[in-house]
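Worksheet: one structure, shown below.
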Amino acid sequence: MGSLFTALFRLLADGLPELTLTISRLGVFCKHKDLYFYPAWAYAIPSIILKIPLSVLDSFIWTLLTYYVIGYSPEVKRFFLHFLILSTFHLSCVSMFRAIAAIFRTIVASTITGAISILVLSLFGGFIIPKSSMPAWLGWGFWLSPLSYAEIGLTANEFFSPRWSKLISSNTTAGEQMLDIRGLNFGRHSYWTAFGALVGFVLFFNALYVLALTYQNNPQRSRAMVSHGKYSQRIEEDFKPCPEITSRAKTGKVILPFKPLTVTFQNVQYYIETPQGKTRQLLSDITGALKPGVLTSLMGVSGAGKTTLLDVLSGRKTRGIIKGEIKVGGYPKVQETFARVSGYCEQFDIHSPNITVEESLKYSAWLRLPYNIDSKTKNELVKEVLETVELEDIKDSMVGLPGISGLSTEQRKRLTIAVELVANPSIIFMDEPTTGLDARAAAIVMRAVKNVAETGRTVVCTIHQPSIDIFETFDELILMKNGGQLVYYGPPGQHSSKVIEYFESIPGVPKIQKNCNPATWMLEITCKSAEDKLGNDFAQLYKDSTLYKQNKMVVEQLSYVSPGSEALSFPSRFSQTIWGQLKACLWKQHYSYWRNPSHNITRIVFILLDSMLCGLLFWQKAKDINNQQDLISIFGSMYTLVIFPGMNNCGAVINFVAAERNVFYREKFARMYSSWAYSFSQVLVEVPYSLLQSVLCTIIVYPMIGYHMSVYKMFWSLYSIFCSLLIFNYCGMLMVALTPNVHMAVTLRSSFFSMLNLFAGFVIPKQVRLPLSLTPLLHTAKFQSMSWKLWSYIDLFASITNKLGTMSDLFNSKCIVVCRKSQNGGYGCTT
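Just so we're aligned: 260 in full-length UniProt numbering is position 260 of the sequence shown, and the numbers increase by one with no gaps anywhere.
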């Protein structure tokens with residue numbers, strides 16, 4: 001019985017990854033649906049059909065590896081009948097999760113509904129508590145669970161086989177006796193009834209999936225409430241012309257001093273190894289300098305190596321081979337110290353969604369500024385930065401999720417700049433800060449960037465096809481072509497006069513047309529096709545030019561150490577002590593959890609539902625134990641209370657932690673904290689929420705099931721549930737850390753649940769003889785330790801003896817059936 005339930009539970013949990021897979025594809029489907037590319041059924045039917053071979057293959061491999069190894073009935077016919085039930089049940093589970101994802105459309109709502117579905121299907125499946133032991137008014141749930149039909153089909157296929165046909169009474173075989181005990185004896189023809197019901201579930205869930213895709217509205221972006229005054233002001237601003245990209249006068253003030261630094265690089269080359277084992281050069285002999293107070297642009301066609309050069313200079317490239325000389329302030333660059341004086345604004349703005357704009361800046365200042373700077377000064381710096389990047393009006397706004405809630409794309413760009421600027425860096429790298437913005441938003445962002453450069457910092461940006469206004473904002477230009485070669489380095493000049501003069505002096509280069517964007521013109525004449533047409537190599541022409549020789553002399557001069565200067569050095573790797581890092585990380589984790597009601601409420605709702613459902617199904621069972629099955633049912637209630645809330649918590653924390661993982665990578669690269677401080681803060685923040693779940697579960701379940709009422713016993717029961725929930729939470733965090741994406745983590749979670757269920761001690765008792773290599777798993781499974789503590793501390797012995805006298809009286813009663821294998825290969829049972 002336990003092996004059959006294990007197989008079904010594994011296939012049930014195996015359908016969970018379908019939730020994330022379906023939701024990840026709904027965005028494209030909704031777009032196609034809105035454009036009337038095809039009806040919903042045309043999208044749904046192929047996705048349904050393509051899953052059938054995978055379900056069949058999965059079920060067949062499981063049946064092939066387990067059927068004869070476990071020792072089921074050896075007839076070939078029953079092997080394929082067993083496989084048929086498993087494959088149909090797996091299809092019904094996948095179809096159910098696919099329909100759930102199509103109905104709820106969000107990962108949080110779909111995950112909690114999927115977890116509730118697994119709970120309900122398992123409780124009403126007939127194994128944890130037989131139908132005969134369920135309250136009469138809840139017996140209908142047994143007939144609505146696909147798991148119950150799958151169990152009916154598998155048990156009928158096994159226990160009506162010839163080897164279970166030995167009569168133990170005038171009209172009852174050993175197989176029928178076993179089915180009667182579990183409440184699963186529905187006759188020899190129940191197999192095909194169960195198979196037909198499973199096919200019906202497959203059709204029902206797939207029809208629900210199609211209907212949900214057809215009639216369910218597409219998820220809309222959440223909107224914030226705006227006062228009438230602010231709304232009117234916003235409307236007026238929309239009709240204003242694009243703002244001029246000029247710095248604001250008040251940017252000259254600096255709360256905290258910083259050391260202006262020059263970055264020089266000579267003959268920089270970068271090589272990577274291709275999958276074929278060959279070496280490919282991405283940068284070739286790049287020479288230049290980044291100066292304080294100078295806004296430098298990195299330009300070039302797609303694939304020219306702009307971002308590659310930016311990453312090499314900033315130290316983000318950890319693979320490949322870097323050759324050449326890079327100096328900071330005249331000293332060779334040391335990445336550990338360079339990361340403390342530099343900031344990097346990524347192209348894709350990565351921020352924690354559940355904190356405000358001002359809190360994001362305070363958090364960055366807390367961890368990146370030296371520990372000897374007082375809080376008042378840090379707050380003044382945060383205020384200054386908010387003014388510099390023009391975010392003071394929205395400082396109390398939640399950051400939100402990109403494209404869903406919170407800040408607009410342009411505001412998120414400015415927040416990215418502010419988060420780096422509040423660390424008081426001397427050098428700031430920006431990767432395409434205007435990508436994806438309209439003209440007005442790009443102008444606002446570039447004005448903020450110009451404000452940063454006006455403070456005397458070294459600022460360099462990669463830029464792709466900027467407008468005339470944005471292009472002429474830059475003080476110096478580094479232009480690259482395909483192959484990572486330099487074709488121009490120097491000032492653009494007023495109205496781009498110098499760069500136009502340089503290229504027009506090259507024979508064969510067409511003159512720039514009137515009102516043409518100089519940036520677009522430069523990219524067109526330096527592309528590969530234009531070079532082939534002209535027969536020129538712009539990289540070689542630049543190396544042969546007077547401009548190159550002048551630039552090389554300037555770079556060499558800037559590479560010398562200034563008299564009285566010292567190399568960059570810091571007393572410690574991080575700005576804050578480990579205690580300061582932990583406090584800051586815990587502060588942020590607290591707000592991230594507290595302001596995410598969907599994450600917390602779903603876990604509370606699930607534990608309440610699980611507790612109430614268990615209390616109703618096992619109502620006063622602990623006080624009314626009359627036979628062996630009643631005792632097993634009590635053990636089943638404990639198993640349910642530990643494993644299902646833990647599974648739900650694990651799934652919920654995977655989605656939450658995965659959403660913060662990219663933020664962690666960005667902050668870790670910036671040397672904000674150690675991995676130990678971040679991970680330990682995640683461990684601590686889970687404690688109060690798991691404790692609340694444990695208290696609610698114990699208060700509800702203990703009196704409803706009728707466990708032995710004692711403060712001492714209730715405390716240890718609470719303790720066991722609390723520790724179990726924490727362990728499941730931490731396992732979810734571990735799965736995120738071990739896998740590259742959420743889908744892989746959810747898949748690993750399903751495999752983990754299947755293994756945990758097998759070695760939990762309920763499906764396979766501890767006393768069962770296992771191969772020596774598998775025995776340790778029984779002792780290391782989390783539920784094994786928690787369940788045995790729980791069972792001992794609730795004092796089942798007191799409940800049983802109060803009802804029946806002694807344990808020996810119970811187990812010597814005729815309600816216990818013992819089955820042994822006979823010499824002829826069949827089974828016989830005695831009572």
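The beta-carbon is built from N, C-alpha and C at its ideal position, and this holds for glycine as well.
For the 8 angstroms Cβ check, are there 3 or more pairs between the segment 332 to 343 and the segment 524 to 531?
-> no
Going by the CB atoms, is the gap between S611 and M704 shorter than 9 angstroms?
-> In this structure, S611 lies closer than 9 angstroms to M704 by Cβ.
First and last residue of the beta strand (DSSP E) that includes A289?
-> T279 to L290
So what does DSSP say about G196, is it helix, strand or coil?
-> Of the three classes helix, strand and coil, the one that applies to G196 here is helix, per DSSP.
Inter-stretch contact (C-beta, 8 angstroms, three-pair minimum) for the segment 395 to 407 and the segment 313 to 325 = no
Tell me whether P146 is buried or exposed, calling it buried when 16 or more other Cβ atoms sit within 10 Å of its Cβ.
-> When all chains shown are included, P146 counts as buried.
Endpoints, beta strand (DSSP E) assigned at I107 | That residue, I107, is in no beta strand (DSSP E); its alpha helix (DSSP H) goes I107 to L123.
Over the uninterrupted beta strand (DSSP E) stretch that includes C527, give me the two end residues.
-> C527 -> no beta strand (DSSP E), and no H or E assigned at all.
So, is N517 buried or exposed, given that buried needs 16 or more other C-beta atoms within 10 angstroms?
-> buried
Validate contact between the segment 299 to 313 and the segment 352 to 365 using beta carbons, cut 8 angstroms, 3 pairs = no
Quick one: does the C-beta of F195 sit closer than 8 angstroms to a heavy atom of the ligand COA?
-> Summarising the ligand content, the structure contains no ligands, and the ligand COA is consequently not present.
Simplified DSSP assignment, three categories, for D475 = coil
Unbroken beta strand (DSSP E) run spanning G343, endpoints | S342 to C345
Of the residues C93, A289, D624 and M672, the one placed nearest S55, counting alpha carbons only = C93
CB of C585 within 9 angstroms of CB of Y678, strictly = yes
Spell out the partners DSSP gives Y271 in its beta bridges.
-> Q281 and I321
Short check: CB of L261 to CB of T458, under 9 angstroms?
-> Judged by beta-carbon spacing, T458 lies within the 9 angstroms limit of L261, meaning their Cβ atoms are closer than that value.
Beta-carbon proximity list for I107, same chain, < 6 angstroms, skipping 5 on both sides = I23 and N655
Mind checking who I326 pairs with in its DSSP beta bridge?
-> F265
Of the residues P135, M709, E660 and G196, which one's Cα is nearest the Cα of S87?
-> G196
Is it a yes or a no for the segment 126 to 143 touching the segment 635 to 642, going by three-plus beta-carbon pairs under 8 angstroms?
-> yes
Could you pull out every residue in the same chain whose Cβ sits closer than 6 angstroms to the Cβ of T416, ignoring the five residues on either side in sequence?
-> C345 and D349
Tell me whether F37 is buried or exposed, calling it buried when 16 or more other Cβ atoms sit within 10 Å of its Cβ.
-> exposed
Is N648 closer than 9 angstroms to R603 when the C-beta atoms are compared?
-> yes
What is the rounded straight-line gap between the Cα of N157 and the Cα of L8?
-> 15 angstroms
Identity of the residue in V422, G277, V460 and P353 nearest S314 by Cα = Closest option to S314, judged by alpha-carbon separation, among V422, G277, V460 and P353: V460.
Where I85 and F124 are concerned, what is the direct C-alpha to C-alpha distance, given to the nearest angstrom?
-> 18 angstroms
Look at the alpha carbon of F159 and the alpha carbon of G400, and state the distance between them as a whole number of angstroms.
-> A straight-line Cα-Cα distance of about 57 angstroms links F159 and G400.
Keeping to the same chain, check which residues put their C-beta closer than 6 angstroms to that of K623; ignore five residues upstream and five downstream.
-> G706
Put P425 into one of helix, strand or coil per three-state DSSP.
-> coil
Proximity of C650 and F728 at Cβ, strictly below 9 angstroms | Contact: yes.
According to the neighbour-count rule (16 or more other Cβ atoms, all chains shown, within 10 Å of its Cβ), is Q411 buried or exposed?
-> buried
For A658, which residues of its own chain have a beta-carbon under 7 angstroms away from its beta-carbon, when the five flanking residues on both sides are left out?
-> The residues are V736, V742 and A745.
Measure the alpha-carbon distance for R98 versus E18 and round it to whole angstroms.
-> 6 angstroms
Residue from S694, V294, S132 and Y488 whose Cα sits closest to the Cα of L617 = S132
Report yes if the CB atom of residue 845 is closer than 9 angstroms to the CB atom of K549, and no otherwise.
-> The shown model of the chain, from 1 to 831, leaves out residue 845, and the question about it has no answer.
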